[in-house]
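Going left to right, the sequence shown walks through residues 556 to 651 as the working numbering numbers them.
Idealized CB from N, CA, C, for every residue including glycine.
None of the values given here were measured: they were computed from a predicted structure.
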Amino acid sequence: MEQSNTDKFIRINEMNFYAKYYETLEMAKTKRRTPYACRHSTATALALHPDIPPAVISRILRHSAQMTEHYTHPDNTEALKAVNKLKPEEQKSDGA
556 MEQSNTDKFI RINEMNFYAK YYETLEMAKT KRRTPYACRH STATALALHP
606 DIPPAVISRI LRHSAQMTEH YTHPDNTEAL KAVNKLKPEE QKSDGA
C-alpha cells in the first residue's frame, strides 16, 4: 500500500479496499469477517507487541487512547506473569 498524502492512512478507494480485503482473507484461509470485526483482532495483536506504543495503535485505528483501549482484548497472560514476579512476602495482604 502507498501512504496517502491526505489525512487518510493509505491511498485506496472503498471498492478496491473491500475487494483486496476479502481476497486477503481467502488467501489467509480465515473466517470471513467484516473489517470492523477485524479491528478488534488487529488492535489486540498490536497491543500485545512489546515494541508498539499505544499512541501508534491509536493512530493506526484513528482513535483516541480511550477508544483504542476499548478495542483491545488482551488475555491475562502478561498480568499473570507480572503478579508471579512478586516475592511471596509481597503477595500477602493484611487481610490474608
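query: Sequence-distant residues of its chain with Cβ nearer than 7 Å to residue 623 (five each side left out); result: 598, 609, 612, 613 and 616
query: Straight-line Cα distance separating residue 586 from residue 592; result: 11 Å
query: Range of the contiguous alpha helix (DSSP H) that encloses residue 587; result: Neither: residue 587 is in no alpha helix (DSSP H) and is coded neither H nor E.
query: Reduced DSSP secondary structure (H/G/I, E/B, other) of residue 617; result: coil
query: Assigned secondary structure, residue 639 (DSSP; H/G/I helix, E/B strand, else coil); result: helix
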